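**Student:**
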Amino acid sequence: MPTPPPTGPLCTRESLADELLKLGVRPGETLLAHTSLSSLGWVSGGVVALVQALLDALGPDGTLVVPTHTGDNSEPSAWQNPRVPEEWWPVLRAPMPAYDPLTSPSFGVGVVPEAVRTWPGALRSTHPHASFAALGPAAATITAGHARTSSFGERSPLAHLEKAGARVLLLGAGYDSCTAFHLAQYRIPGPETESSFAVMTPQGRQWTTVREPAFPSDRFAELGAAFERDTEVVRGHVGAAESRLFPVADAVAYAERWLAPPAQRSSGGPLKDR
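No gaps in the numbering here: position 215 of the sequence shown is 215 in full-length UniProt numbering, and each next residue is one more.
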């Protein structure tokens, strides 16, 4: 059976950069990008061309940031997709490699973050489960000081992005991918959970467990729809991908109100920071 012809539109590095600028990406800004390469159409040059286009649109003074999470460096008993037999848990846990910002591949976040992570000059934060990578003049500031007990909190790249006036780009990705909402979850009193991972210490590899707020994303699509209804969000297409642009700070502030318990939300009082 012959291979079906590719579906378009045909996208190139140049056409993608041009459409990103027309969408509203600003040269010199800091951009947290959540991307779906396959949603664009036929991209000549694939993931490399897309990263080049993002960097072209941002220019030499702009900074590109992506999530490079390593969800596979985690407690095997909590794995869901697929679940693994209980008798496997200690066998899987014991040799799990310690997180290394330079060599640990990202997991479950797509091909663009992995391309950015390995790009010449990229910097990556040190959280063993929820790291971010960045390219550009602000990369060191954005990725610095990522605490193990602050996956998405005040000592994470998300807080640095909010402070820097960064924006979120959803490039063919939905609000269910919007990590900025996690910073709001961190600031709202709620249930905590344990996270475990392998880390490297001066004494060697160790299996470490920390407690911090739970970060469920099951309501993010609903939250995003409400945010877009009530807030100014730039919308358009890049290639065939439906795309959105909005400030990190706006998304976090709205999510803090939307996710807050009803009593706290109705009181109009300030939300408690953790």
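By construction, the Cβ of each residue, glycine as well, lies at the ideal position given by its N, Cα and C atoms. Owing to the predicted nature of the structure, the values given are computational and were not obtained by experimental measurement.
Please classify residue 44 as buried or exposed, where buried requires at least 16 neighbouring CB atoms within 10 angstroms.
**Tutor:** Within the sequence shown, the letter at position 44 stands for residue 44. Result: exposed.
**Student:** From the DSSP output, which residues share a beta bridge with residue 242?
**Tutor:** If you number the sequence shown from 1, residue 242 lands on position 242. 237.
**Student:** Thinking C-beta only, is residue 84 closer than 7 Å to residue 183?
**Tutor:** Position 183 of the sequence shown holds residue 183. Position 84 of the sequence shown holds residue 84. Contact: no.
**Student:** Which residues in the same chain have their Cβ closer than 7 Å to the Cβ of residue 242, if we skip the five residues on either side of it in sequence?
**Tutor:** The count along the sequence shown starts at 1 and reaches residue 242 at position 242. Correct list, in chain order: 172.
**Student:** What first and last residue would you give for the beta strand (DSSP E) that runs through residue 109?
**Tutor:** Along the sequence shown, one-based indexing puts residue 109 at 109. Premise fails: residue 109 is in no beta strand (DSSP E) and is neither H nor E.
**Student:** Would you mind reading off the limits of the alpha helix (DSSP H) that contains residue 30?
**Tutor:** Position 30 of the sequence shown holds residue 30. Looking at the DSSP string, residue 30 is not in any alpha helix (DSSP H); the run it does join, the beta strand (DSSP E), is 30-35.
**Student:** Specify the secondary structure class of residue 198 as computed by DSSP and reduced to three states.
**Tutor:** Position 198 of the sequence shown, counted from the first residue, corresponds to residue 198. In this structure, residue 198 counts as strand in the three-state DSSP scheme.
**Student:** Can you give me the start and stop residues for the alpha helix (DSSP H) that residue 24 sits inside?
**Tutor:** Counted from its first residue, the sequence shown places residue 24 at position 24. That residue, residue 24, is in no alpha helix (DSSP H); it is neither H nor E in DSSP.
**Student:** Using a threshold of 7 Å, state whether the C-beta atoms of residue 115 and residue 47 are closer than that.
**Tutor:** On the sequence shown, position 115 is the one that residue 115 refers to. On the sequence shown, position 47 is the one that residue 47 refers to. Yes, Cβ-Cβ distance for residue 115 and residue 47 is below 7 Å.
**Student:** For the alpha helix (DSSP H) containing residue 51, name the first residue and the last one.
**Tutor:** Along the sequence shown, one-based indexing puts residue 51 at 51. From DSSP, the alpha helix (DSSP H) with residue 51 extends over 46-58.
**Student:** Rounded to whole angstroms, what is the Cα-Cα separation between residue 124 and residue 141?
**Tutor:** What you label residue 124 is simply residue 124 of the sequence shown in a count that begins at 1. What you label residue 141 is simply residue 141 of the sequence shown in a count that begins at 1. For residue 124 and residue 141, the distance between alpha carbons rounds to 11 Å.
**Student:** Leaving out the 5 sequence neighbours to the left and right, which residues in its chain are closer than 8 Å to residue 71 when beta-carbon positions are compared?
**Tutor:** Along the sequence shown, read from residue 1 onward, the residue named residue 71 stands at position 71. Correct list, in chain order: 107, 108 and 129.
**Student:** If distances are taken between C-alpha atoms only, which option among 190, 167, 134 and 100 comes closest to residue 204?
**Tutor:** Here the question's residue 204 lines up with position 204 in the sequence shown. Selected option, being the one with the closest Cα: 100.
**Student:** Closest to residue 13 by CA distance: which of 121, 118 and 238 is it?
**Tutor:** Taking the first residue of the sequence shown as 1, we reach residue 13 at position 13. Of the listed residues, the one whose Cα sits closest to residue 13 is 238.
**Student:** Which residue's Cα is closest to the Cα of residue 19: 40, 30 and 34?
**Tutor:** Within the sequence shown, numbered from 1, the residue matching residue 19 stands at position 19. For the residues 40, 30 and 34, the minimum Cα distance to residue 19 belongs to 40.
**Student:** Hey, how far is the Cα of residue 169 from the Cα of residue 80?
**Tutor:** Taking the sequence shown and counting its residues from 1, the one referred to as residue 169 is at position 169. Taking the sequence shown and counting its residues from 1, the one referred to as residue 80 is at position 80. Cα to Cα, residue 169 sits roughly 29 Å from residue 80.
**Student:** How far does the alpha helix (DSSP H) with residue 102 in it extend, from its first residue to its last?
**Tutor:** Along the sequence shown, one-based indexing puts residue 102 at 102. Where residue 102 is concerned, there is no enclosing alpha helix (DSSP H), given that its DSSP letter is neither H nor E.
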